[in-house]
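When we follow the UniProt record's numbering, the leftmost residue of the sequence shown carries the number 1, and every step to the right adds one. Working notes, structure below.
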Amino acid sequence: MPKQQASPPVVDLNADTPCCPPLAQRRVPAETAAALAPAFKALGDPVRLQLMSMIASAEGGEACVCDLTPAFDLTGPTISHHLKTLREAGLVDAERRGTWVYYRARPQILRQLAALLSIEPAPRA
Numbered sequence: 001m002p003k004q005q006a007s008p009p010v011v012d013l014n015a016d017t018p019c020c021p022p023l024a025q026r027r028v029p030a031e032t033a034a035a036l037a038p039a040f041k042a043l044g045d046p047v048r049l050q051l052m053s054m055i056a057s058a059e060g061g062e063a064c065v066c067d068l069t070p071a072f073d074l075t076g077p078t079i080s081h082h083l084k085t086l087r088e089a090g091l092v093d094a095e096r097r098g099t100w101v102y103y104r105a106r107p108q109i110l111r112q113l114a115a116l117l118s119i120e121p122a123p124r125a
């Protein structure tokens, strides 16, 4: 009989409240680390970090790939690969409009990442 793996509890990366206390306060649970690691990994590349910054800070909250590509000395397919990585990591949503794709940051997951990295002192009891 094949061994079945128990699926880890789902960490809601879209929640408006932090998934866990900051890592400076308490150990990150394994399932939370597994859920957040792809986003941190995606942001570990300088081009993707810049793309994320451009998208998150774009006027109107979204950026067209037509405005992102010229900002880099990279080919269109390379930029598309980086944007796909951000999308697969859950950091951005994409919407095709005609021939262009528009990207929008997902603020909930960015809040989760920021909360985990916060160095605020633990509340006193």
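Virtual Cβ for every residue (Gly too), placed ideally from N, Cα, C.
Check                                                                                                        : Outcome
Does the distance from the CB of Ala63 to the CB of Met54 come in under 8 Å?                                 : yes
Could you give the distance in angstroms between the alpha-carbon of Phe40 and the alpha-carbon of Leu116?   : 11 Å
Leu83 and Leu51 - do their beta-carbons sit closer together than 8 Å?                                        : yes
Whole angstroms are fine: how far does the CA of Arg27 sit from the CA of Asp73?                             : 40 Å
Quick one: using the 10 Å Cβ neighbour count with 16 as the cut-off for buried, is Ile109 buried or exposed? : buried
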